[in-house]
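Structure first, then comments.
Residue numbers (this note's numbering), protein chains in the order written: chain A, 826 to 938; chain B, 79 to 188.
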């Protein structure tokens, strides 16, 4: 069964450093998403992406965040200058809008020191 | 407002039925979902229901939706130890964004 994959599974970085989280969505999906879950809190929507552009973003997704689909298979989330409060589990998801189901990857646990 | 609430814990005996409840506040929800998260794993889509449906059954899973009370439930028949996990309900409205509940930790004991 096809699945969403994410790399790395864990990342530790210093505050102020840039990180890139990578995702390979399910191959025939056209809609891509990033969510995050701070430890002990709810899963929160960050951004959705379709047709090579952002279709919706949350208040969390400020100028420090960006997303890109650099080729036909990868979908990335970049955090330009990480803060301590960016420490969380980051989930990528993809969907085909039939019927709006989103399939999640295993997550990348980001720790900012 | 955006608020999806769930009870935090549920403990059941193996073989019994589990019922996990969820309440939401926005009546414009279009789809409602149940996701399962096992330790160290991602969110696995279990099932979903469109807001004009009352019930959906999928093998051991039954989803009930009471739109008037904005209440969603997930019943797991013949609960097994492998069902132990955190269960999240989520809703979507007229956008792609999923709004998640707090998650219910289901513990199944022998």
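Note that CB positions come from ideal geometry on N, CA and C, so glycine has one too. The model shown is predicted, which means the values in this text are computed figures rather than measured ones.
Asked, Found
"On the CB-based measure, 16 or more other CB atoms within 10 Å of its CB, does residue 923/A come out buried or exposed?", "Low confidence applies to residue 923/A: its pLDDT is 46, below 50, so where it sits in the model is not reliable enough to give any reading."
"Mind reading off the beta-carbon distance from residue 939/A to residue 898/A? Whole number of angstroms is fine, and I expect it under 8 Å.", "Residue 939/A lies beyond the range of chain A shown here (826 to 938); nothing can be said about it."
"By Cβ distance, which residues of its chain are closer than 6 Å to residue 857/A, with the 5 residues on each side in sequence left out?", "850, 874, 900, 919"
"Check each candidate in 878/A, 928/A, 917/A, 886/A and name the one with the smallest Cα separation from residue 834/A.", "917/A"
"So what's residue 924/A in DSSP terms, helix, strand or just coil?", "With a pLDDT of 47 at residue 924/A, under the threshold of 50, the modelled position of this residue cannot be trusted; read the value that follows with caution. Coil."
"Quick one: residues in its chain with C-beta nearer than 8 Å to the C-beta of residue 883/A, no 5 flanking neighbours on either side, listed in chain order?", "869, 870, 871, 872"
"Can you pull out the residues from the stretch 116 to 141 of chain B whose beta carbon lies closer than 9 Å to at least one beta carbon of chain A?", "118, 119, 120, 121, 122, 123, 126, 128"
"Evaluate contact between the stretch 900 to 913 of chain A and the stretch 838 to 846 of chain A, counting only Cβ atoms and requiring at least three cross-stretch pairs below 8 Å.", "yes"
"Run through chain A and tell me which residues come within less than 9 Å of residue 187/B, C-beta to C-beta.", "Chain A residues near residue 187/B: none, gap ~24 Å exceeds 9 Å."
"Closer than 9 Å by beta-carbon distance: list the chain B residues that pair up with residue 873/A, in chain order.", "173, 174, 175"
"Any beta carbon of chain D sitting closer than 7 Å to that of residue 87/B?", "This model lacks chain D altogether, as its protein chains are A and B."
"For residue 854/A, which residues from the same chain have a beta carbon less than 7 Å from its beta carbon, with the 5 sequence-adjacent residues on both sides left out?", "919, 920, 921"
"Which residues of chain A have a Cβ atom closer than 9 Å to the Cβ of residue 180/B, listed in chain order?", "866, 867"
"In whole angstroms, what separates the C-alpha of residue 85/B from that of residue 889/A?", "34 Å"
"Mind checking residue 155/B: buried by the 16 CB within 10 Å criterion, or exposed?", "exposed"
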